[in-house]
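Each remark here refers to the structure printed beneath this line.
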Amino acid sequence: MVGGLPNIGGMDGDRYRGMSSRVRKARMITFYKNGDPFHSGTKVSITPGKDFKSLENLCDFLTQRTKIPHGARFIFTLNGKRVYDLEELQDGQSYVVSGSRNFQELAYGQAARMRTAHTAYRPNAVPLREDDLRLLRPVDQQKKKSSEVSSGSQSLPASLPGSREGRVITVVNRKDQNIHNRVLLNMRTPQPFEEVLVDLGQAIKMKHAKRMFTLWGQEVRSFSQLRKDYGEIETFYLDNGDTRIRPVSKVIKSSKSVESLETVPRLRSTKSVRLLRYDSVPNLDENKWGKGDFTQNGIAKPIRRKINGIKTDSQELSRWSPPNYSRPEKELKLEWAHGIRSQEGIGNLHVLPSRELLYPVATVAVIYDRQNNRQRHFTNHTEDIQCITVHNEYEIIATGQGAGPTNASQAHVLIWRADSLQTIAEVGSGQIESSGLFDLAFSPEGSLLAMLEASEDHELWLWDWQNDSVLGRASTQSEEVKGVTFHPSEEDLVVTFGTQHLAFWKRGRDGFLDKRSINPTGQSAKTVTCVQFLPDGSMVTGDSGGYLTLWSPGDDDDPCTFIIVKEVKGHERDVRGLLLLPEGTLFSGGSGDREGHIKVWSTTNKLTRVAATNLPRGAGGVEALCMQYPSPDGTFYVATNRNQVYEGSTQRKFRPLICGHARGVKAVTSDPKGDGFYTGGEDKSVCKWHFHILEWRVSVEAECLSLAIHNEALVVAVGMSNGHVTLLNSQNGLIVSTVTMTNSALNALTYSPDGEMLAAGGQDGNMYIYQSRDHGYVLRKGGTIKGRQPILSIDWSFDGKQLQTVTSDNEFQELVLWDVHNLERQGSPRGTKDLEWYDLTSTLGHNLLGMWENEDLREVVNLTSHRASSKQLIAAGDQEGFVRLFRYPCPSTKAAFREYKHGSSGTTVVKFLRGDRNLVSAGGSDGAILVWRLVAAGH
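With the first letter of the sequence shown counted as 1, position 593 gets the number 754 in this note's numbering; the numbers rise by one all the way through.
As structure tokens, then:
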């Protein structure tokens, strides 16, 4: 198939049973991006049932090609008619691909035609000869000798007048490298390059050749690229596309040095635009290097390469024993999750009848046994859990996740049991068209599930979740709807609330949801943020102005009629939490309150305040309230907007129960002499953890971006966004001193193996070297090494003489080598292959190729990695929130791995703890920290 399309063999037997065995003609179809009149169009060759099994497979492919946010989900004709099946796609026609149902009628393709209309036609300089139409022919040895010029010059067939018309190349069968042939390639053939590859494949007994690669794995896509970028390369590999090979669309060239040999994938674009390193040979069998003409005495021949007109010899590949490419013998098992996703979602904290707490952390639903200090985890979601609800009578839980970047991870809801953690139903998959969900609610009897979609129309769904059927669906047509709940005595009466919105929805016999709006007046005309029904049928609402409003039923025969009885100012701003006790006492909490005020009201006396209490200073505002059952002293739980949970009552002080960072975690370091670890985040705080317990937390003057602990484990260095480094006492978190290194953010910190130097990498591209004295308590300036690009990670060599860093210009990552003693940046990092690194955190290197270029991965951009102290394993975290465990080293594209999902956002840090018994991963705006235990595979 042309252009790197997936080769999905086999047709659906039920769909194509009885079809004629004749060959089906491929259809060339152009797809335009919805809402983009300047999109040039993506041409795709489609043979239904062969290239793509279904329309969903085609949408997955178009997602990668068009970069539509949240993925390509709908295909329309140019007139706006939706396409539901591959058979509807016509050869030579154009279509519009979209991520939503909203088709925008524009003049698609017109802008591209206007541009090409002014392009002058350039005839061939030399008329084509009949012999030229033969693409290739074996080179006769006698002609070869007479046609070649003297040694050191380019081989040129004598039958061609110039090098632009033809060249002799060697093509190799990638699947059987013993099959190769020298052919004469006509560079002026009128045939498309795709047809050329098919003809070349016939010369090496390969049917339907689709791709051409250099020895380093770069894909050749056109005659122009073959002539300009690979003009000095004589040997190319052909592949028919049966195995997954990451395409490389162009050669990256350096303007000053050969350091671009270490350049790897784009960060902003999902396209694979890269130059693979000199030691990478993707999808070639390393055990066959001794065959053919590609090695000499067990060492790969030096390859001449041209970079900006300067010819250089790449480093020779020394003989090495093939590493183990199988999956690691260890696997990760989630042991503990720190934090809570309380800033987003309505009421993401619940208490189960078993007295366990339920809350979401990244992709995990945590059930916390507060009495025994144990956690159980529901890990069946593939993206972050956005909302959660419970039907306590049956201990049935519903959790809703957002949509991922591909159709494989769509927004949906899972219903599961709290006791067994077994999924009993899944609803909404493939039908929820937005990026996620706002809120969920069970009906009083638990048979129905209300779902509020995070779409432009804020659609309300009513599901019979046991039969996976939609009972009703309606657009709330509100500016922003905050949440949904059921009337406590009506099975099919739903309440929605939000910005100037408070409405009842009742399911009619025709399947539609009939809306009955309540017109808020007075202070309640603001955004309604929460709703609580009272035993007598009354209702209390909280709003964005801090007011509580008491509503009384206006008509005994109509449960949708309410009138305002009383309004009272309860909090500074948003009222986010309402908790009703059985005796009629109502608790309220405000998320805008600096001190976390909690008020107690008597509902029998029309919202008369009877008590008040405050959370500890710095706890944040209230997001959710839950009662502890049974609770003789009135103890309840409070979730705050700093992603923490407190336990207390109006009679006794609140103390933290569930701790976490209020914002994203950017740095993790392990205690070299203990079982703990340290974390630093964008919330300007540093924490010390002992597995499940927070030992101390300290606030610093700016966002924490990097951490390093001295070898004697007495001092922790904190690198911040303002360019300062603060030294903390590792035992109690007290600030020892603060040093100003630069005005730029410090993204990386690390101590030398002997603990006598501290290296700091800045956003300004400079490396700052400081001497560490008095057991790490004193820092003295040593020197500065000037750089060009922001530094992401730093590794010391064992002898302390060299550093390697990963730098980034927000487009490419690059491996750079530094000379510490001479305070200079070395010319090329190729020498790092023979160096041993003290604590490897680099994402690049010859031993890490399998983390990027892997047959089982697509478009990976690794943000972090860490090698275990045993040097047998390495963990990597990528921009899509995955955590992967590889064997170390992993220099091959065939390296197998174990994969886990941390969250929807990028995994910013992975770190092995002392003894390699645990791994910590962090990432996401909710500050989620997951502690994994390494166990034997299968146990």
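Backbone N, C-alpha and C define an ideal beta-carbon position, used for all residues, glycine too. Computed from a predicted model, the values in this text were never measured in an experiment.
Asked	Found
With distances taken Cα to Cα, identify the nearest neighbour of R1094 among A635, A1083, L1074, S1086.	L1074
Hey, would you say W762 sits closer than 8 Å to L776, going by beta carbons?	no
On the criterion of 16 or more Cβ atoms from any shown chain inside 10 Å, does E652 qualify as buried, or is it exposed?	exposed
Sort P1050, I955, H1027, A1097 by Cα distance to L1080 and report the nearest one.	H1027
Taking all protein chains shown into account, decide if K760 is buried (16 or more other Cβ within 10 angstroms of its Cβ) or exposed.	buried
How far does the beta strand (DSSP E) with F237 in it reach, from first residue to last?	235-238
Between G821 and the ligand FAD, is the CB less than 7 Å from at least one heavy atom?	As far as ligands go, the structure on display features none, and thus does not contain the ligand FAD.
The beta strand (DSSP E) spanning C220 covers which residue range?	No beta strand (DSSP E) holds C220; the alpha helix (DSSP H) holding it covers 216-227.
Quick check on T354: does DSSP put it in helix, strand or coil?	Note that residue 354 is Phe in the sequence shown, not Thr. Correct three-state label for F354: helix.
In terms of residues, what are the limits of the alpha helix (DSSP H) holding Q386?	384-389
Tell me where the beta strand (DSSP E) around Q1095 begins and ends.	The sequence given here places Leu at residue 1095; Gln does not occur at that position. Where L1095 is concerned, the enclosing beta strand (DSSP E) stretches over 1089-1097.
Could you check where the alpha helix (DSSP H) with W626 kicks off and where it finishes?	Note, W626: premise wrong, no alpha helix (DSSP H); not H, not E.
Out of Y256, G260, H619, point me to the one whose CA is closest to L267's CA.	Y256
Let's see if you can read the secondary structure: which residues bound the alpha helix (DSSP H) around G1011?	1010-1013
Between E873 and G937, is the Cβ-Cβ spacing less than 8 Å?	yes
Three or more beta-carbon pairs under 8 Å between the stretch 591-599 and the stretch 548-567, yes or no?	yes
What are the start and end residues of the beta strand (DSSP E) that includes C1051?	Run containing C1051: none; DSSP gives neither H nor E here.
Secondary structure at E587, three-state DSSP: helix, strand or coil?	strand
Near N342, what residues of its chain come up, given a Cβ to Cβ distance below 8 Å and the 5 sequence neighbours on each side ignored?	P299, T331, V332, A364, I365
Between the C-alpha atoms of V419 and S570, what's the straight-line distance to the nearest angstrom?	Residue placement at V419 is poorly supported in this model, since its pLDDT is 28, which falls under 50; the coordinates are not used for a value here.
I need the straight-line Cα distance from D1087 to A828, nearest angstrom please.	14 Å
From the DSSP output, which residues share a beta bridge with M373?	V381, L399
Taking just the CA atoms, how far does V655 sit from M612?	10 Å
Is it right to say Q504 is buried, meaning 16 or more other beta carbons lie within 10 angstroms of its own, or is it exposed?	buried
For S259, I'd like the list of residues in its chain whose CB is within less than 6 Å of its CB, leaving aside the five on either flank, ordered along the chain.	N195, F235
Classify H1063 as helix, strand or coil using the three-state DSSP reduction.	coil
Under 8 Å between the Cβ atoms of S215 and L247?	yes
Using a threshold of 8 Å, state whether the C-beta atoms of L518 and Y798 are closer than that.	yes
In three-state terms, what does DSSP make of V359?	helix
Look up A564 in the DSSP assignment and say whether it is helix, strand or coil.	coil
Since I believe M881 is in contact with V900 (beta carbons under 8 Å), could you give me their beta-carbon distance rounded to a whole number of angstroms?	With a Cβ gap of about 11 Å, V900 and M881 do not count as contacting.
Could you check the C-alpha separation between R737 and T1068 for me, to the nearest Å?	30 Å
For R668 and L623, which I take to be in contact (beta-carbon distance under 8 Å), what is that distance rounded to the nearest angstrom?	6 Å
Name the two residues that bound the continuous beta strand (DSSP E) containing S762.	The sequence as given places Trp at residue 762; Ser does not occur at that position. 758-763 is the span of the beta strand (DSSP E), which, as asked, contains W762.
What are the boundary residues of the beta strand (DSSP E) that includes V692?	689-694
Given G591, which residues of its chain have a CB within under 7 Å of its CB, disregarding the five upstream and five downstream residues?	Q571
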